[in-house]
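First residue of the sequence shown? That's 123 in the numbering used here, and the numbers climb one at a time after it.
Cβ coordinates follow ideal geometry from the N, Cα and C atoms, glycine included.
This structure is a prediction, so every number in the text was calculated from the model and none was measured.
Please read the structure below before turning to the comments.
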Amino acid sequence: MAGATRSRPGEGGVALARAASTRESRAGAKAPVAIFGAASSLSSALEPGDLIVATELRSSDGSLCSHLASAGPITAELHRSGLRAHKGPVASAVAFAPLETAMLAGAGVLAVDNESISVLSSWPGHPAAVVRWISNTPGASAESAGGPRPSALGIVRSTLEAWARACGRHEVLLAAPRSFCAGVDRAIETVRRALDRFGSPVYVRRQIVHNLHVVRHLETLGAVFVEELDEVPPEATVVFAAHGVSPAVRSQAAARPDLNVIDATCPLVAKVHSEARRFAAQGHNLVLIGHSNHEEVEGTLGEAPGRFHVVAGTDDVARLDLDPRQSVAFLTQTTLATDQTAEVVTALRERFPLIVAPAADDICYATQNRQDALRSIAHRCDLMLVVGSANSSNTARLVEVARREGCRAELLEDASQLQLGWLDGVTTVGLTAGASAPDFLVQEVLETIGLLGPLTLTEDRTAEEHVRFALPTQVR
Ligand code: SF4
Numbered sequence: 123m124a125g126a127t128r129s130r131p132g133e134g135g136v137a138l139a140r141a142a143s144t145r146e147s148r149a150g151a152k153a154p155v156a157i158f159g160a161a162s163s164l165s166s167a168l169e170p171g172d173l174i175v176a177t178e179l180r181s182s183d184g185s186l187c188s189h190l191a192s193a194g195p196i197t198a199e200l201h202r203s204g205l206r207a208h209k210g211p212v213a214s215a216v217a218f219a220p221l222e223t224a225m226l227a228g229a230g231v232l233a234v235d236n237e238s239i240s241v242l243s244s245w246p247g248h249p250a251a252v253v254r255w256i257s258n259t260p261g262a263s264a265e266s267a268g269g270p271r272p273s274a275l276g277i278v279r280s281t282l283e284a285w286a287r288a289c290g291r292h293e294v295l296l297a298a299p300r301s302f303c304a305g306v307d308r309a310i311e312t313v314r315r316a317l318d319r320f321g322s323p324v325y326v327r328r329q330i331v332h333n334l335h336v337v338r339h340l341e342t343l344g345a346v347f348v349e350e351l352d353e354v355p356p357e358a359t360v361v362f363a364a365h366g367v368s369p370a371v372r373s374q375a376a377a378r379p380d381l382n383v384i385d386a387t388c389p390l391v392a393k394v395h396s397e398a399r400r401f402a403a404q405g406h407n408l409v410l411i412g413h414s415n416h417e418e419v420e421g422t423l424g425e426a427p428g429r430f431h432v433v434a435g436t437d438d439v440a441r442l443d444l445d446p447r448q449s450v451a452f453l454t455q456t457t458l459a460t461d462q463t464a465e466v467v468t469a470l471r472e473r474f475p476l477i478v479a480p481a482a483d484d485i486c487y488a489t490q491n492r493q494d495a496l497r498s499i500a501h502r503c504d505l506m507l508v509v510g511s512a513n514s515s516n517t518a519r520l521v522e523v524a525r526r527e528g529c530r531a532e533l534l535e536d537a538s539q540l541q542l543g544w545l546d547g548v549t550t551v552g553l554t555a556g557a558s559a560p561d562f563l564v565q566e567v568l569e570t571i572g573l574l575g576p577l578t579l580t581e582d583r584t585a586e587e588h589v590r591f592a593l594p595t596q597v598r
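The following block contains the structure:
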């Protein structure tokens with residue numbers, strides 16, 4: 123057990139604080155102060171060269187001196203850079219008696235240093251960060267004492283500078299509606315009830331909705347996600363995902379009467395499938411506006427195999443190998459950008475003046491509402507954060523719509539992906555989430571921004587949503 127630290131003064135951190143102070147004092151805010159130096163580990167789980175980001179500072183008797191809200195965002199940034207960083211309590215004093223280090227280790231303190239509290243006492247009320255590298259560990263010889271790699275030093279310094287620039291007052295404009303739609307709610311509830319009613323495991327073909335957190339949560343409840351039906355064992359319960367399946371998959375399922383098949387296809391996707399069958403039966407050439415690599419499109423194409431031409435943009439319309447005198451009908455994927463789709467429809471009408479349109483817009487209410495809500499705040503924001511998974515079509519469209527509105531936009535799976543550099547120079551942040559992203563992820567992003575300084579929150583609601591879909595009969 124280390125009886126006293128051998129940490130070096132954190133000159134770099136203080137220099138950073140002074141530089142920030144000069145700039146920030148003009149804005150009337152207290153400058154962020156960052157300290158970087160060595161510490162002795164009190165935990166056998168730590169290795170020389172590991173980084174500790176202090177969540178709180180304690181004195182040698184264990185009493186709490188300060189909480190450091192900076193620990194979460196800085197640790198996440200260091201992890202993204204590939205560094206081995208831990209967060210936890212650090213104790214700081216000129217010297218520690220062996221009994222004190224034993225007591226502190228027992229209380230969960232990860233490391234001890236000689237300077238953090240005394241340095242920060244010169245900067246009362248300033249946002250503060252303390253990062254220490256482990257110079258020696260319990261029981262280690264002096265020869266084994268290590269230091270951070272030079273490349274790690276550079277990463278820590280740039281991370282602390284990014285944190286200092288991200289610190290400050292933020293105004294967050296929260297778009298509403300955002301997060302779950304009725305189709306996603308229904309699909310998730312279908313899997314939950316299937317698990318309750320039929321027991322685990324319940325197999326789900328493909329991601330039930332395009333969100334990693336939802337999938338992981340359902341896995342903890344007993345859901346097993348598979349790519350294809352041949353991975354499902356005999357006599358199992360299997361759920362089809364919200365974005366639908368093609369008739370070929372339904373036929374595969376029908377050929378296995380032992381399976382208990384529950385279809386969680388969103389009714390609005392099922393509506394497009396039925397339009398595809400109707401248009402195909404009427405003998406039209408079929409155009410589907412959408413992205414050919416998306417699972418929803420795969421399912422819709424399967425309703426009329428070989429009959430569809432998929433177009434994603436106006437260029438694709440110009441290249442369509444169809445005679446304008448032939449009868450043509452179009453459909454759209456449910457989760458497209460409304461502005462771009464309108465352009466594609468205009469291009470289609472120009473090339474095929476008699477083109478047949480679906481009875482009602484195929485872009486679903488939830489996609490439309492989330493895009494409208496984002497447009498209503500985008501022009502007021504320095505940055506738009508869109509929470510959701512990269513393979514979620516409606517989420518990706520939100521990022522594109524924000525950028526077309528002239529607003530810088532970033533996609534993040536969750537708060538751990540919030541990069542400090544994104545907030546450099548940013549005062550007003552727009553925040554929304556795709557229809558498959560749980561709202562708790564949005565709240566966690568909000569909390570993370572709140573760790574960087576005072577936060578003003580305004581929700582901007584552009585529509586009320588009361589849509590509900592009945593559950594599949596097997597789980598009602
Ligand atoms: S985004 Fe639209 S089509 Fe997709 S599940 Fe939700 S309501 Fe259904």
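Query	Result
Straight-line gap, Asn333 to Asp235 (C-alpha atoms, nearest Å)	42 Å
Validate contact between the region 150-161 and the region 284-304 using beta carbons, cut 8 Å, 3 pairs	yes
Reduced DSSP secondary structure (H/G/I, E/B, other) of Ser143	At Ser143, the pLDDT of 44 sits below 50, so the modelled position is not reliable; the number obtained from the coordinates is stated separately. Here Ser143 sits in helix by DSSP.
Residue of Ala217, Lys209, Arg441, His248 minimising C-alpha distance to Asp183	Ala217
Proximal residues to Arg471 (C-beta, below 7 Å), its chain only, five neighbours per side dropped	Ile477
For Ser192, the three-state DSSP class (helix, strand or coil)	coil
Ala607 beta carbon near the ligand SF4 (any heavy atom closer than 7 Å)	The structure shown has nothing for residue 607, since the chain only spans 123 to 598.
Cβ pair count under 8 Å reaching 3, the region 539-555 against the region 288-302	yes
Where the beta strand (DSSP E) containing Gly547 begins and where it ends	Element bounds for Gly547: n/a, residue is neither H nor E.
Selection from Val467, Leu232, Leu282 that minimises the alpha carbon distance to Ala213	Leu232
Thr306: CB within 7 Å of a non-hydrogen atom of the ligand SF4	Note on residue identity: the sequence assigns Val, not Thr, to residue 306. True, at least one ligand heavy atom lies under 7 Å from that Cβ.
C-alpha gap between Arg315 and Val336, whole angstroms	15 Å
Cβ neighbours of Glu349 in the same chain (closer than 8 Å, five flanking residues each side left out)	Arg327, Arg328
Secondary structure, alpha helix (DSSP H): runs of 4+ residues fully inside the region 344-402	369-376
Minimum C-alpha distance to Pro560 - residue among Pro195, Glu425, Pro299, Leu351	Pro299
Nearest residue (CA-CA) to Glu311, options Asp385, Leu295, Ala537, Glu587	Asp385
Leu390 beta carbon near the ligand SF4 (any heavy atom closer than 7 Å)	yes
Rounded separation between Ala124 and Leu563 - CA only	Bear in mind that the predicted position of Ala124 carries a pLDDT of just 27, short of 50, making it too unreliable to give a figure here.
Residue span of the beta strand (DSSP E) that contains Trp255, given as start and end	250-258
Buried or exposed by the 16-neighbour rule on C-beta atoms within 10 Å, applied to Gly230	exposed
Cβ-Cβ distance between Glu535 and Ser511 below 8 Å	yes
The ligand SF4 heavy atom lying under 7 Å from the CB of Ala440	no
Test: Glu535 CB closer than 8 Å to a CB of chain D	Included in the structure is just one protein chain, with no chain D present.
Beta-carbon proximity check, Gly556 vs Thr517, cutoff 8 Å	yes
Unbroken beta strand (DSSP E) run spanning Glu527, endpoints	It is not in any beta strand (DSSP E) - Glu527 carries neither H nor E in the DSSP assignment.
Pair within 8 Å by beta-carbon distance, Pro369 and Gly405	no
Boundaries of the alpha helix (DSSP H) in which Ile277 is found, first to last residue	272-288
Beta-carbon proximity check, Gln493 vs Thr454, cutoff 8 Å	no
According to DSSP, residues forming a beta bridge with Leu179	Ser188, Val212
DSSP three-state assignment for Gly321, whether helix, strand or coil	coil
Whether Ile411 touches Thr281 by CB criterion (8 Å)	no
Rounded Cβ spacing between Leu520 and Thr554 (contact assumed at less than 8 Å)	6 Å
Of the listed residues Glu566, Arg497, Ala398, nearest to Phe452 (C-alpha basis)	Ala398
Sub-8 Å separation of Gly421 and His395 beta-carbons	yes
Cys187 vs Ala488 beta-carbon contact at 8 Å	no
Gln596, DSSP secondary structure in three states	helix
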